[in-house]
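I have placed the structure first, in the form of structure tokens, so that the comments after it can refer back to it.
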Amino acid sequence: MKASVKWTDGRQFVAEAGSGHSVVIDGPPDHGGRNTGPRPMEMLLMGLGACTSFDVLEILEKSRAPVSDCVASIEAERADSVPSVFTRIHVHFTVSGKGLKEKQVKRAVELSADKYCSASIMLAQGGVEVTHSFTIVED
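Residue numbers (the numbering used here): 1377 to 1515.
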């Protein structure tokens, strides 16, 4: 896997993944940015959310669960001192569908957290307290 990050101006960068997709990453104006894209640490949280959501959906689809929507809401706390690393991250899934079983959703979230989500597991192994929860919404 490869990526490149090119500085464009101020604190703005264009990151390109090995797959050819690009995203603008920027800083806030008080740090020389123009606020044209997410912050680098926000990108990390979004990547974590997408990684674990990918797993949860794949597991639920394989078990033929009738999922119509899945939203991962991520909240994080950072250290007060530099480096201001993440100290705690909580991922809450809101999974919608008709007749979803709590046991299936719980299993999917747990498997992602404990076995499949490389981003979540990597952060947890690095000392970040990563927790997960979920809510089921009936369609």
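The C-beta atom is built at its ideal place from N, Cα and C for all residues, glycine as well.
Given a cut-off of 8 Å, decide if residue j and residue i are closer than it, judged by their beta-carbon atoms.
| i | j | result |
| --- | --- | --- |
| Val1432 | Val1485 | yes |
| Arg1454 | Val1461 | yes |
| Thr1428 | Val1390 | no |
I need the straight-line Cα distance from residue i to residue j, nearest angstrom please.
| i | j | result |
| --- | --- | --- |
| Thr1470 | Arg1464 | 20 Å |
| Ala1379 | Val1504 | 24 Å |
| Val1443 | Asp1515 | 9 Å |
| Leu1424 | Ser1398 | 18 Å |
| Ala1500 | Gly1403 | 26 Å |
| Asp1456 | Ser1439 | 42 Å |
Determine which residues share a DSSP beta bridge with residue i and list them.
| i | result |
| --- | --- |
| Lys1382 | Val1390 |
| Ser1472 | Asp1445 and Val1513 |
| Thr1507 | His1466 |
| Gly1400 | The sequence shown places Val at residue 1400, not Gly. Its beta-bridge partners are Val1390. |
So residue i and residue j are in contact, right, with Cβ under 8 Å, and what is the actual spacing, rounded?
| i | j | result |
| --- | --- | --- |
| Val1481 | Ile1450 | Rounded, the Cβ-Cβ distance is 17 Å, inconsistent with contact. |
| Asp1445 | Ser1472 | 4 Å |
Where does residue i sit, in a helix, a strand or coil, going by DSSP?
| i | result |
| --- | --- |
| Ser1460 | coil |
| Arg1410 | coil |
| Arg1454 | strand |
| Ser1395 | coil |
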